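**Student:** Numbering of the sequence shown is given in full-length UniProt numbering, commencing with residue 1 and proceeding in unit increments.
To start, I am sharing the structure in question, which I have written as structure tokens.
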Amino acid sequence: NPSSARRQSISRVSVFYANCRSIRCKLPQLSFLLSSLDFHIVCLTETWLDSTDSDAFLISGHSDYIAFRSDRAISDDVGRGGGVACIVHHSLSPVFVSSFASTLLDSIDTFPCILIGDYNYPDIDWKTLSSPTPSDLLDFISDHHFSQFVSFPTRLQNYLDLVFSNKDIIHNISPSPPISDHLSVVFDLRIPSPPSRKHTPSRMYRLANWQSINDSIFHHNWTIALSHLDVNQSYDYFLKCINSLLEMFVPLSKPSPFSRYPRNVRILYGKSRTLTRIAPNSNACIVMTKRFNSALHRFHCLLESRVVASSDSKAFYKLCSSRLNAPKSTPSGIIDPNGNLLLSNDDKCRAFSDFFSSVFTNPMHSPLPPPSPSIIFDLPTISHLHIISALSNLSPKTKCSIMHYGLHNPCRQFHINNVALTPKKTVKDLGVVFTPSLCFSEHIKEIIKKSNSKMHFLFKAFRSNCIDIYVKSFTTFILPSLETCSIIWNPINSVETTKNIERVQRDFTRKLYFRCSLPSVSYCNRLRSLNLTTLERRRFVTDIVFLHSILHRNYELDHSSLLTRSPLTRFVRNSHHFRISLPFFPPNSHTTLASRTISIWNSLPSPSVDLSRDSFRKFIRSQPNSFFPESIVKNWL
1 NPSSARRQSI SRVSVFYANC RSIRCKLPQL SFLLSSLDFH IVCLTETWLD
51 STDSDAFLIS GHSDYIAFRS DRAISDDVGR GGGVACIVHH SLSPVFVSSF
101 ASTLLDSIDT FPCILIGDYN YPDIDWKTLS SPTPSDLLDF ISDHHFSQFV
151 SFPTRLQNYL DLVFSNKDII HNISPSPPIS DHLSVVFDLR IPSPPSRKHT
201 PSRMYRLANW QSINDSIFHH NWTIALSHLD VNQSYDYFLK CINSLLEMFV
251 PLSKPSPFSR YPRNVRILYG KSRTLTRIAP NSNACIVMTK RFNSALHRFH
301 CLLESRVVAS SDSKAFYKLC SSRLNAPKST PSGIIDPNGN LLLSNDDKCR
351 AFSDFFSSVF TNPMHSPLPP PSPSIIFDLP TISHLHIISA LSNLSPKTKC
401 SIMHYGLHNP CRQFHINNVA LTPKKTVKDL GVVFTPSLCF SEHIKEIIKK
451 SNSKMHFLFK AFRSNCIDIY VKSFTTFILP SLETCSIIWN PINSVETTKN
501 IERVQRDFTR KLYFRCSLPS VSYCNRLRSL NLTTLERRRF VTDIVFLHSI
551 LHRNYELDHS SLLTRSPLTR FVRNSHHFRI SLPFFPPNSH TTLASRTISI
601 WNSLPSPSVD LSRDSFRKFI RSQPNSFFPE SIVKNWL
């Protein structure tokens with residue numbers, strides 16, 4: 001049918017607009033819309049997002065979309081609310097413009113322009129373009145020849161959400177099921193050459209005809225086919241045969257809208273969409289929309305609970321990553337050295353290839369390749385002269401810095417090739433922030449801030465009432481941030497700092513109980529119910545297990561300046577042959593791994609210290625509360 005083929009070859013750019021009133025509460029609806037494969041552009045107002053929210057909120061699990069946001073800056077004078085977002089399919093090659101060559105008003109008369117949003121002008125009659133009071137909006141659209149295209153009320157009987165354009169590029173505008181108390185709006189853009197959305201099919205091996213594949217391989221005479229071929233030709237022949245079998249017996253996937261959603265959810269959405277188009281503000285439309293939203297919410301909660309119950313760590317990590325981390329994507333557009341804007345992937349790859357080859361390609365001065373360096377990095381053969389020579393080749397020297405430790409340090413100036421090294425007050429090494437005083441307060445503040453941000457984001461990303469999904473997410477994504485290298489910075493001498501760290505887990509358990517509608521209980525009971533322990537105790541377990549590993553030489557570490565072996569010369573009931581002593585006494589403001597654990601370590605029963613590392617960790621964790629040092633946060637327990 002020529003007309004049918006012509007319709008299929010015509011691409012359209014479809015746009016969805018909605019007033020959200022907090023998109024955090026509408027994430028299932030947004031994910032459903034992006035899964036529909038219907039919309040190239042999704043415009044959102046009243047997102048109510050802030051700087052602590054990631055783009056993963058908007059494009060969770062949909063890596064073929066790119067999000068652009070402008071959040072409201074919240075202050076004492078300006079409360080929550082506001083914020084806009086635009087989610088664009090990558091086939092449109094969207095480009096974010098951070099600085100403009102000319103003002104928007106100067107460009108309106110030159111380029112097609114669309115203005116969309118909640119303008120909150122209920123008194124304007126858009127048929128006659130009249131208003132009982134003077135309106136700057138009417139003056140603006142008249143001066144710049146804009147037309148308004150929304151012909152139906154979007155909230156009750158008021159025309160609040162409007163679509164303007166200065167060119168005739170908008171058509172098929174209609175209402176869509178609301179995601180808040182405002183009707184949504186959908187329309188198409190009449191663009192001369194809209195890009196088509198590409199689908200990359202994949203093999204559906206679960207639907208493969210394995211019997212036919214096995215029969216074809218079994219009955220093929222490989223001996224005759226490969227008898228006159230060398231190794232490379234045989235390999236190519238084998239690949240050709242296998243690929244031809246895959247073409248015949250393994251089907252390709254096809255793009256299907258809402259493929260991940262059950263049939264009842266899709267039916268409710270279809271009914272809601274039909275009622276919205278026929279009677280947008282009727283009670284039947286409102287009831288059907290609520291039924292659809294409830295079914296969608298139940299499905300997302302069921303999906304989260306099913307992943308947790310499956311005990312599939314890979315599926316759980318994939319779900320959490322899709323909710324908590326924005327997908328990585330290539331830049332929408334780049335500018336080459338000649339100032340040209342590159343939008344296609346081929347052009348961008350070619351530009352990167354040319355740049356890297358120009359930087360890293362070295363001319364060959366000899367027809368023979370230079371000898372390969374030894375793969376053995378022999379530390380004893382590195383001399384002082386080698387180190388000085390390597391330092392002299394560092395470039396640029398300004399990247400090198402120095403930190404002076406100690407109160408009585410003369411703070412000498414150091415140079416590399418006559419370039420002075422810049423002294424620094426803080427240095428981050430292996431994720432730990434070091435300062436000259438070695439107090440680690442800056443590092444602890446940083447990890448607390450990061451953990452609190454992750455915790456708040458966790459409760460925004462999931463909607464389920466399943467306790468396990470929050471506990472597993474907390475232990476997987478938040479606890480490592482609070483415990484990395486704790487043997488270095490464990491702040492047992494600071495009551496306030498210890499409580500600040502513990503407060504992260506205390507607030508998490510409190511919010512979890514509130515989310516799951518559980519009765520309010522003490523922090524101690526919450527930990528017992530969730531099978532958690534205090535962060536303070538976890539740090540002590542890490543300390544004493546690391547001490548056990550040092551003494552058993554699981555790590556090649558010179559600990560002579562940290563502790564010394566001090567075996568007893570006579571029998572003592574609660575002692576062992578791995579007793580330690582301190583070569584020095586740290587000041588009251590500092591602690592060391594040995595000083596924090598020496599009293600309990602030396603009193604351990606002899607069989608326990610001979611256990612393997614994992615068995616020793618289990619032994620320590622199984623001890624009663626009286627075994628551990630007195631808790632600083634005991635008043636919370």
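No residue lacks a Cβ here, since even glycine has one placed at the ideal position from N, Cα and C.
Only a predicted model underlies this, so the values are computations on that prediction, with no experimental measurement involved.
Decide if THR276 is buried, meaning its Cβ has at least 16 other Cβ atoms within 10 Å, or exposed.
**Tutor:** Within the sequence shown, the letter at position 276 stands for residue 276. So THR276 counts as buried.
**Student:** Between which residues of its own chain and ARG323 is the CB-CB distance below 7 Å, once the five residues before and five after are set aside?
**Tutor:** Position 323 of the sequence shown, counted from the start, is the residue given in the question as residue 323. Cβ within range, chain order: ALA56, SER60, ALA461 and PHE462.
**Student:** Looking only at its own chain, which residues have a Cβ that is under 6 Å from the Cβ of LYS167, when we skip the five neighbours before and after it?
**Tutor:** Locating residue 167 in the sequence shown gives position 167, counting from the first residue. For LYS167, where only same-chain residues beyond five positions count, the Cβ hits under 6 Å are PRO112.
**Student:** Can you give me the Cβ contacts of ILE169 inside the same chain, cut-off strictly under 6 Å, excluding the 5 residues immediately before and after it?
**Tutor:** If you number the sequence shown from 1, residue 169 lands on position 169. Counting only Cβ-Cβ distances below 6 Å, and skipping sequence neighbours, we find PRO112, LEU189 and ARG190.
**Student:** Using only CA atoms, which one of PRO605, ASN214 and HIS576 lies nearest to PHE627?
**Tutor:** Here residue 627 is taken as the residue at index 627 of the sequence shown, counted from 1. When each option's Cα is compared against that of PHE627, the closest is PRO605.
**Student:** Quick one: grab the DSSP three-state call for SER70.
**Tutor:** For this step, residue 70 is matched to residue 70 along the sequence shown. Residue state, collapsed to three classes: strand.
**Student:** With a threshold of 16 other CB atoms inside 10 Å of the CB of MET455, please say whether the residue is buried or exposed.
**Tutor:** Position 455 of the sequence shown, counting from 1, holds the residue named residue 455. Buried: at least 16 other Cβ atoms inside 10 Å.
**Student:** Could you check whether the segment 559 to 568 touches the segment 527 to 542, counting it as contact only if at least three pairs of C-beta atoms, one from each stretch, sit closer than 8 Å?
**Tutor:** With the cut-off at 8 Å, the segment 559 to 568 and the segment 527 to 542 do not touch.
**Student:** If I'm right that ASN281 touches SER180 with Cβ under 8 Å, what's the distance once you round it to whole angstroms?
**Tutor:** Counting from one through the sequence shown, the residue named residue 281 turns up at place 281. Counting from one through the sequence shown, the residue named residue 180 turns up at place 180. About 14 Å separates the two Cβ atoms, so there is no contact after all.
**Student:** Taking 8 Å as the threshold (C-beta atoms), are SER70 and GLY83 in contact?
**Tutor:** Numbered from 1 along the sequence shown, position 83 holds the residue referred to as residue 83. Numbered from 1 along the sequence shown, position 70 holds the residue referred to as residue 70. It is a contact, given that the beta carbons lie within the stated cut-off.
**Student:** Which two residues bound the contiguous alpha helix (DSSP H) that contains CYS241?
**Tutor:** As a first step, residue 241 must be located in the sequence shown, where it is residue number 241. Looking at the DSSP string, the run of the alpha helix (DSSP H) that includes CYS241 is 231 to 249.
**Student:** Give the C-beta separation of TRP489 and LEU547 to the nearest angstrom, bearing in mind that I take them to be a contact with Cβ-Cβ under 8 Å.
**Tutor:** As a working note, residue 489 is residue 489 in the sequence shown. As a working note, residue 547 is residue 547 in the sequence shown. Not a contact, Cβ separation roughly 16 Å.
**Student:** Can you tell me whether ARG273 is buried or exposed, with buried defined as 16 or more other CB within 10 angstroms of its CB?
**Tutor:** In the sequence shown, counting from the first residue as 1, residue 273 sits at position 273. Answer is buried; the Cβ neighbour count reaches 16.
**Student:** Which term fits SER311, buried or exposed, when burial requires 16 or more other beta carbons within 10 angstroms of its beta carbon?
**Tutor:** The sequence position of residue 311 within the sequence shown is 311, counting from 1. Exposed is the call here.
**Student:** CA-CA distance, LEU296 and PRO262?
**Tutor:** Along the sequence shown, read from residue 1 onward, the residue named residue 296 stands at position 296. Along the sequence shown, read from residue 1 onward, the residue named residue 262 stands at position 262. If you take the alpha carbons of LEU296 and PRO262, they lie about 9 Å apart.
**Student:** Would you mind stating whether CYS301 and THR476 have Cβ atoms separated by less than 8 Å?
**Tutor:** Locating residue 301 in the sequence shown gives position 301, counting from the first residue. Locating residue 476 in the sequence shown gives position 476, counting from the first residue. No, the pair does not count as a contact, with Cβ atoms beyond the cut-off.
**Student:** Any idea what DSSP makes of ASN158, helix, strand or coil?
**Tutor:** Looking up residue 158 in the sequence shown gives position 158. Three-state DSSP puts ASN158 in a strand.
**Student:** Roughly how many whole angstroms lie between the Cα atoms of SER14 and LEU156?
**Tutor:** Within the sequence shown, residue 14 is the residue found at index 14, counting from 1. Within the sequence shown, residue 156 is the residue found at index 156, counting from 1. If you take the alpha carbons of SER14 and LEU156, they lie about 25 Å apart.
**Student:** When the Cβ atoms of the segment 116 to 130 are set against those of the segment 24 to 34, are three or more pairs found closer than 8 Å?
**Tutor:** Flag = no, the segment 116 to 130 and the segment 24 to 34 do not touch.
**Student:** Kindly identify the DSSP beta-bridge partner or partners of ALA461.
**Tutor:** Residue numbering aside, residue 461 sits at position 461 when the sequence shown is read from its first letter. Answer by DSSP bridge pairing: none, since ALA461 is not bridged.
**Student:** Tell me the DSSP secondary structure of ARG528 in three-state form.
**Tutor:** Counted from its first residue, the sequence shown places residue 528 at position 528. It is helical.
**Student:** So, are the CB atoms of PRO436 and LYS425 less than 8 Å apart?
**Tutor:** Locating residue 436 in the sequence shown gives position 436, where the first residue counts as 1. Locating residue 425 in the sequence shown gives position 425, where the first residue counts as 1. Yes, Cβ-Cβ distance for PRO436 and LYS425 is below 8 Å.
**Student:** Less than 6 Å between C-beta atoms, sequence neighbours within five positions excluded: which residues of the same chain meet that for PHE440?
**Tutor:** Position 440 of the sequence shown holds residue 440. Correct list, in chain order: TRP489.
**Student:** Taking its Cβ as the centre, do 16 or more other Cβ atoms sit within 10 Å of ARG621, making it buried, or is it exposed?
**Tutor:** On the sequence shown, position 621 is the one that residue 621 refers to. Under this definition ARG621 is an exposed residue.
**Student:** For VAL633, which of helix, strand or coil comes out of DSSP?
**Tutor:** Within the sequence shown, the letter at position 633 stands for residue 633. Of the three classes helix, strand and coil, the one that applies to VAL633 here is coil, per DSSP.
**Student:** By how many angstroms is the C-alpha of LEU563 removed from the C-alpha of PRO607?
**Tutor:** In the sequence shown, the residue the question calls residue 607 occupies position 607. In the sequence shown, the residue the question calls residue 563 occupies position 563. Their backbone Cα atoms lie some 21 Å apart in a straight line.
**Student:** Using the Cβ count rule (16 or more neighbours within 10 Å means buried), how would you classify SER517?
**Tutor:** The residue you call residue 517 lines up with position 517 of the sequence shown. That one is exposed.
**Student:** For residue 670 and THR52, which I take to be in contact (beta-carbon distance under 8 Å), what is that distance rounded to the nearest angstrom?
**Tutor:** No answer is possible for residue 670: the residues shown for the chain start at 1 and end at 637.
**Student:** Here's a check: name, in chain order, each residue in its chain whose Cβ is nearer than 7 Å to the Cβ of PRO178, leaving out the five neighbours to either side.
**Tutor:** Sequence index remark: in the sequence shown, residue 178 carries index 178 (1-based). SER184 and THR289.
**Student:** Taking 8 Å as the cut-off, does the segment 83 to 93 touch the segment 38 to 45 (at least 3 CB pairs, one atom from each stretch)?
**Tutor:** Touching, yes, given that three or more Cβ pairs across the two stretches are closer than 8 Å.
**Student:** What separation, rounded to the nearest whole angstrom, lies between the Cα atoms of ASP64 and PRO201?
**Tutor:** For the purposes of this step, residue 64 is taken as residue 64 along the sequence shown, with counting starting at 1. For the purposes of this step, residue 201 is taken as residue 201 along the sequence shown, with counting starting at 1. Each residue's Cα considered, the two are about 14 Å apart.
**Student:** Going by beta carbon distance, what residues of the same chain come within less than 8 Å of residue 646, once the five residues before and after it are set aside?
**Tutor:** The question about residue 646 has no answer, for the chain in this structure spans 1 to 637.
**Student:** When the Cα atoms are used, what is the spatial distance from HIS220 to ILE242?
**Tutor:** The count along the sequence shown starts at 1 and reaches residue 220 at position 220. The count along the sequence shown starts at 1 and reaches residue 242 at position 242. So the alpha carbons of these two residues sit roughly 11 Å apart.
**Student:** Can you tell which of SER358, ILE334 and VAL250 has its C-alpha closest to the C-alpha of TYR205?
**Tutor:** As a working note, residue 205 is residue 205 in the sequence shown. Of SER358, ILE334 and VAL250, the residue nearest in Cα terms is VAL250.
**Student:** What does the alpha-carbon distance come out to for the pair PRO175 and ALA279?
**Tutor:** Here residue 175 is taken as the residue at index 175 of the sequence shown, counted from 1. Here residue 279 is taken as the residue at index 279 of the sequence shown, counted from 1. Straight-line Cα distance between these residues: approximately 10 Å.
**Student:** What's the C-alpha gap between PHE152 and HIS182?
**Tutor:** Walking along the sequence shown from the start, residue 152 turns up at place 152. Walking along the sequence shown from the start, residue 182 turns up at place 182. Straight-line Cα distance between these residues: approximately 12 Å.
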